[in-house]
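Q: Please see the structure below; I have some questions.
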Amino acid sequence: GQQVMQIPQYQHVQEGEDFTTYCNSSTTLSNIQWYKQRPGGHPVFLIQLVKSGEVKKQKRLTFQFGEAKKNSSLHITATQTTDVGTYFCAGPGGAQKLVFGQGTRLTINP
Amino acid sequence: ETGVTQTPRHLVMGMTNKKSLKCEQHLGHNAMYWYKQSAKKPLELMFVYSLEERVENNSVPSRFSPECPNSSHLFLHLHTLQPEDSALYLCASSHEAVLLGHEQFFGPGTRLTVL
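Here it is, written out as structure tokens:
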């Protein structure tokens, strides 16, 4: 079945440093979604990318969708303590389901 | 956020108990989902309901039994669980089919501990 791989599994940075997580799919995706889960919380939708090569920004967060629509990345510029959490990518795995990556857990040293 | 609610938030049960998890969505969505999230694994999809019909059953053991009486409510009935079933159980809903790119809205989850 379809697999979505995400790296790294963990990332620890100093506050103010940048952070990037990468997502790779075994198949071409019609779209890719990103979610954030704060410690003790539940996943919250961040953004969806649909077009090949698409780049979207949300303040300090930059999301990219690869040209082949099989990979994606999330980059955070100048991390803040509020960015702590686990970031998941997810792609369609069938008509009615999302396949989630393993997530990248971000911790930040203030 | 109150779009998707789950009760109870925490549950401790013995292996011989029978309990049910409840999920309710107030967003007018047509699809609802049960996920399992444990420390060692990513989000695992368990069941998908679309317009109250089960459309996906991800090889889940029969000790987990879902029920969707209407498009706003989803239950997960639990019986004779094992300690390895201890996890966070998340309910989610979305407007329509995932393939169309509709985001999923998650509830706060039920933290289940099986003794």
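Quick mapping for you: the protein sequence lines, in order, are chains S and X. Heads up, the final residue of the first sequence is numbered 181 in my numbering, and it's a clean run with no missing numbers. Heads up, the final residue of the second sequence is numbered 117 in my numbering, and it's a clean run with no missing numbers. Note that the Cβ used here is the ideal one computed from N, Cα and C, for glycine as well. Remember, it's a predicted structure, so these values are computed and weren't measured experimentally.
Using the beta-carbon of each residue, which ones in chain S are nearer than 7 Å to X/P44?
A: Those within 7 Å of X/P44 in chain S are F171, G172, Q173, G174.
Q: Closer than 8 Å by beta-carbon distance: list the chain S residues that pair up with X/E69, in chain order.
A: Near X/E69 there are no residues of chain S at all, since even the closest Cβ is about 18 Å away, more than 8 Å.
Q: Identify every residue that forms a DSSP beta bridge with X/T112.
A: Paired residues: X/Y91.
Q: Where do the ends of the beta strand (DSSP E) carrying S/G162 lie?
A: Per DSSP, S/G162 belongs to the beta strand (DSSP E) from 156 to 163.
Q: Using the beta-carbon count (16 or more within 10 Å), is S/G162 buried or exposed?
A: By the 10 Å Cβ count, S/G162 comes out buried.
Q: Output yes or no for whether 9 Å exceeds the beta carbon distance between X/M48 and X/L78.
A: Yes, these two residues count as a Cβ contact at 9 Å.
Q: Can you give me the C-alpha to C-alpha distance between X/S64 and S/E88, rounded to a whole angstrom?
A: Cα-Cα distance, rounded: 47 Å.
Q: Just the Cα atoms here: how many angstroms apart are S/T153 and X/T18?
A: Computed Cα separation, rounded: 42 Å.
Q: Is the region 65 to 75 of chain X in contact with the region 3 to 12 of chain X, if contact means three or more CB pairs nearer than 8 Å?
A: No, the region 65 to 75 of chain X does not touch the region 3 to 12 of chain X.
Q: Residues of the region 96 to 111 of chain S with a CB closer than 7 Å to any CB of chain X: list them in chain order, please.
A: Cβ contacts with chain X come from S101, N102, Q104.
Q: If you measure between the beta carbons of X/Q8 and X/G111, is that distance less than 9 Å?
A: Yes, the Cβ-Cβ distance between X/Q8 and X/G111 is below 9 Å.
Q: How would you write the range of the beta strand (DSSP E) that X/K38 sits in, first residue to last?
A: Run containing X/K38: 33 to 39, per the beta strand (DSSP E) assignment.
Q: Please say whether S/L120 and S/L132 have beta carbons closer to each other than 9 Å?
A: Cβ atoms of S/L132 and S/L120: not closer than 9 Å.
Q: Can you give me the start and stop residues for the beta strand (DSSP E) that S/Q170 sits inside?
A: The identity of residue 170 of chain S in the sequence shown is Val, whereas the question assumes Gln. From DSSP, the beta strand (DSSP E) with S/V170 extends over 169 to 171.
Q: Taking 9 Å as the threshold (beta carbon to beta carbon), is X/F66 in contact with chain S?
A: No, X/F66 lies away from the interface with chain S (no Cβ there is under 9 Å from its Cβ).
Q: Between S/M76 and S/G156, which are expected to be in contact by the criterion C-beta below 8 Å, what is the C-beta distance as a whole number of angstroms?
A: Between S/G156 and S/M76 the Cβ distance is about 20 Å, and since that is not below 8 Å, they are no contact.
Q: Using beta carbons (cut-off 9 Å, strictly below), is S/P114 in contact with chain X?
A: True, the Cβ-Cβ gap to chain X drops below 9 Å.
Q: Using alpha carbons as the reference points, say which of S/P114, S/H113, S/Q104, S/G164 lies closest to S/E125.
A: Of the candidates S/P114, S/H113, S/Q104, S/G164, the one whose C-alpha sits nearest the C-alpha of S/E125 is S/Q104.
Q: Inspect the beta-carbon positions of S/P114 and X/L92 and report whether they are closer than 9 Å.
A: Contact: yes.
Q: Within the 9 Å Cβ cut-off, does S/G156 reach chain X?
A: For S/G156, the answer is no, since every Cβ of chain X falls outside 9 Å of its Cβ.
Q: For X/P85, is the classification buried or exposed, using 16 other Cβ atoms within 10 angstroms of its Cβ as the cut-off for buried?
A: The residue in question, X/P85, is exposed, as its Cβ has fewer than 16 Cβ neighbours within 10 Å.
Q: Under a CB-based cut-off of 9 Å, is S/V121 close to chain X?
A: By this cut-off, S/V121 is an interface position.
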